[in-house]
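Throughout the sequence shown, residue numbering follows my numbering, covering 33 to 390 in sequence.
Virtual Cβ for every residue (Gly too), placed ideally from N, Cα, C.
Shown next, in structure tokens, is the structure this report addresses.
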Amino acid sequence: MSNNFHIDGHKLYWHLDKVAAWQTGELIPPVYVEISPVSFCNHNCIFCGLDFAQGEPLSLNADILCYRLQEMASLGVKSIMLAGEGEPLLHKDIVRIVSTAKNAGIDVSITTNGTLGNCELWSELLPHLSWLRFSMDAGSADVHSKVHRVDERMFEKTTDSIRAALGVRKNNGYDVTIGVQYLMIQQNLHDIENAIQLYDSIGVDYLSIKPYSEHPQMLNKSGFVYSQEMLRKVESLIESYRGNTSTQLIYRKVATENYAGGNIGFTACRALPFWGYISSKGDFHTCSVFLNDKRFVVGNIYNDDMKQILFGERRKESIKYGCNDLKVGYECRLNCRMARINEFLEFISNKPQHVNFI
């Protein structure tokens with residue numbers, strides 16, 4: 033079964049106008065912005081890369097955020113994902129935030145642990161979403177409990193939430209993709225087959241099986257590494273089901289092998305112009321790996337309008353710093369979210385001779 037989501041790659045091929053503008057040195061608006069509506073979570077996942085940021089309970093002011101979303105749309109931002117430091121469904125105005133962004137012309141997505149979902153909430157959210165992804169990381173209640181550090185009863189509550197979302201979509205004919213992601217760590221590798229069987233039976237569009245990536249600032253570092261034998265077994269298991277499920281099975285092979293081998297396919301971070309991150313404090317970061325790092329904070333939505341943030345000198349200088357001075361491979365998160373984009377941008381930056389002889 034083909035993978036039409038392209039999750040293990042990147043999609044800059046469909047934004048070549050932005051790439052061309054970047055090549056000329058133009059300061060472009062990000063195509064995609066990730067937003068953390070809250071800093072707190074109802075789960076306590078052992079792999080959480082942003083566990084260090086879940087201190088003071090913060091919630092973005094919905095009035096300010098909705099106004100900034102309209103500004104972002106007018107300036108050329110194409111999409112947002114609501115996720116970040118906490119659980120986005122915990123924001124009391126999540127429906128208004130999502131609907132405002134969509135009505136402004138921005139594509140909207142949510143990554144959630146899903147426990148709070150129900151028919152009523154999904155009925156309000158799904159009409160405005162391009163995709164909804166559940167972070168499950170387990171195929172059984174006991175493993176889910178160990179990995180997400182919640183009561184075992186939360187697993188059934190969350191799978192019921194997934195079924196509710198699928199039911200709302202079906203009953204209303206909404207055009208929204210609903211998937212599940214599975215982060216591979218030592219504690220859940222043995223549960224992958226259960227997950228494949230379960231989420232296929234539930235009927236989600238895809239199950240994405242992805243690698244763990246240790247965040248430089250995270251508190252609960254595991255030091256977990258993948259052996260080649262381990263990865264061969266995982267891939268073999270997934271391949272044994274491929275073609276026999278209605279759910280697309282997406283094995284993040286490129287990302288997993290690069291992380292396992294410590295491979296970095298680029299020498300500089302050129303991806304910062306194409307995305308951004310708004311923290312639960314309202315800070316706009318050019319890179320979310322460096323949360324609260326002044327080198328990558330270029331404004332705040334409470335104090336600055338989006339034109340000042342996106343086209344101001346602070347963002348320009350931060351992007352320049354990321355490309356010219358950031359020590360890739362030393363300071364960065366191995367196999368970060370922008371890795372595939374950086375590989376592509378490095379490739380096209382190294383212009384060969386005789387380019388007209390195609």
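Inset, instruction - Assign G108 to one of two classes, buried (16 or more other C-beta atoms within 10 Å of its C-beta) or exposed (fewer than that). - result: Here the question's residue 108 lines up with position 76 in the sequence shown. G108 is exposed by the Cβ-count criterion.
Legend entry - Helix, strand or coil at G293 [DSSP, three-state]: Position 261 of the sequence shown, counted from the start, is the residue given in the question as residue 293. Helix at G293.
Inset, instruction - Please state whether DSSP places L48 in a helix, a strand or coil. - result: The sequence position of residue 48 within the sequence shown is 16, counting from 1. In this structure, L48 counts as helix in the three-state DSSP scheme.
Legend entry - Three-state class that DSSP yields for R274 in the structure shown: Taking the sequence shown and counting its residues from 1, one reaches residue 274 at position 242. Three-state result, R274: coil.
Inset, instruction - Specify the secondary structure class of Y206 as computed by DSSP and reduced to three states. - result: As a first step, residue 206 is located in the sequence shown; it is residue number 174 there, counting from the start. In this structure, Y206 counts as coil in the three-state DSSP scheme.
Legend entry - Range of the contiguous alpha helix (DSSP H) that encloses F316: Here residue 316 is taken as the residue at index 284 of the sequence shown, counted from 1. Segment D315 to H317 is the beta strand (DSSP E) holding F316; no alpha helix (DSSP H) there.
Legend entry - beta strand (DSSP E) segment containing G331, residue limits: Here residue 331 corresponds to residue number 299 of the sequence shown, with the count starting at 1. Note, G331: beta strand (DSSP E), V329 to N332.
Inset, instruction - Helix, strand or coil for Q229, going by three-state DSSP, please let me know. - result: Taking the sequence shown and counting its residues from 1, one reaches residue 229 at position 197. It is helical.
Inset, instruction - Counting only the same chain and skipping the five closest in sequence on each side, list residues whose C-beta sits under 6 Å from that of D237. - result: On the sequence shown, position 205 is the one that residue 237 refers to. Excluding residues within five positions, the ones whose Cβ falls inside 6 Å are T209, I210 and G211.
Legend entry - Counted within 10 angstroms of its Cβ, other Cβ atoms place F328 as buried (16 or more) or exposed: The count along the sequence shown starts at 1 and reaches residue 328 at position 296. So F328 ends up on the buried side.
Inset, instruction - Name the residue from N295, D40 and H123 whose alpha carbon lies nearest to the alpha carbon of S312. - result: As a first step, residue 312 must be located in the sequence shown, where it is residue number 280. Answer by Cα proximity: H123.
Inset, instruction - Kindly list the residues whose CB is nearer than 8 Å to the CB of L101, restricted to its own chain and excluding five residues on each side of it in sequence; keep chain order. - result: Position 69 of the sequence shown, counted from the first residue, corresponds to residue 101. Once the five neighbours on either side are set aside, the close Cβ partners of L101 are I112, I129, T132, A133, A136 and I138.
Legend entry - Minimum C-alpha distance to K43 - residue among K383, R369 and G293: For this step, residue 43 is matched to residue 11 along the sequence shown. Comparing Cα-Cα distances from K43 to each of K383, R369 and G293, the minimum goes to R369.
Inset, instruction - Determine, using beta-carbon pairs with one atom in the segment 152 to 169 and one in the segment 188 to 197, whether at least three such pairs fall under 8 Å. - result: yes
Inset, instruction - Can you give me the start and stop residues for the beta strand (DSSP E) that Y258 sits inside? - result: Within the sequence shown, residue 258 is the residue found at index 226, counting from 1. Taken as a continuous stretch (DSSP letters only), Y258 belongs to no beta strand (DSSP E), as it is neither H nor E.
Legend entry - Buried versus exposed, by CB contacts within 10 Å (16 or more), M33: Within the sequence shown, the letter at position 1 stands for residue 33. Here the model assigns M33 a pLDDT of 41, short of 50, so the residue's position is not dependable and the matter cannot be decided.
Inset, instruction - Provide the residue span of the alpha helix (DSSP H) that contains M104, from first to last. - result: Counting from 1 along the sequence shown, the entry for residue 104 is found at position 72. Run containing M104: A94 to L107, per the alpha helix (DSSP H) assignment.
Legend entry - Short Cβ contact (8 Å threshold) for H75 with E117: Here residue 75 corresponds to residue number 43 of the sequence shown, with the count starting at 1. Here residue 117 corresponds to residue number 85 of the sequence shown, with the count starting at 1. Against a cut-off of 8 Å, the Cβ pair of E117 and H75 comes out as no contact.
Legend entry - Buried versus exposed call for A52 [16 or more other C-beta atoms within 10 Å across all chains shown]: Numbered from 1 along the sequence shown, position 20 holds the residue referred to as residue 52. With fewer than 16 Cβ atoms within 10 Å of its Cβ, A52 is classed as exposed.
Inset, instruction - Note the first and the last residue of the continuous alpha helix (DSSP H) segment covering Q280. - result: The residue you call residue 280 lines up with position 248 of the sequence shown. Segment Q280 to Y283 is the beta strand (DSSP E) holding Q280; no alpha helix (DSSP H) there.
Inset, instruction - Rank R181, M186, K178 and A170 by C-alpha distance to the C-alpha of I241 and give the top, closest one. - result: By one-based count along the sequence shown, residue 241 stands at place 209. Residue A170 is the option with its Cα nearest to I241.
Inset, instruction - Spell out the partners DSSP gives D139 in its beta bridges. - result: The sequence position of residue 139 within the sequence shown is 107, counting from 1. The partner list for D139 (beta bridge, DSSP) reads S111.
Inset, instruction - Please state whether DSSP places P243 in a helix, a strand or coil. - result: Counted from its first residue, the sequence shown places residue 243 at position 211. Strand.
Legend entry - the segment 300 to 308 contacting the segment 361 to 380, beta-carbon criterion three pairs below 8 Å: yes
Legend entry - Start and end residues, alpha helix (DSSP H) containing E152: Along the sequence shown, one-based indexing puts residue 152 at 120. Unbroken alpha helix (DSSP H) run through E152: C151 to L157.
Inset, instruction - Could you tell me whether the Cβ atoms of S193 and T143 are closer together than 8 Å? - result: Within the sequence shown, residue 193 is the residue found at index 161, counting from 1. Within the sequence shown, residue 143 is the residue found at index 111, counting from 1. In this structure, T143 does not lie closer than 8 Å to S193 by Cβ.
Inset, instruction - Hey, could you find the ends of the alpha helix (DSSP H) E375 is sitting in? - result: As a position in the sequence shown, residue 375 is number 343, starting the count at 1. Its alpha helix (DSSP H) spans residues A371 to S381.
Legend entry - Whole-number beta carbon distance between P248 and V321, since they are thought to touch under 8 Å: Along the sequence shown, one-based indexing puts residue 321 at 289. Along the sequence shown, one-based indexing puts residue 248 at 216. Confirmed, about 7 Å.
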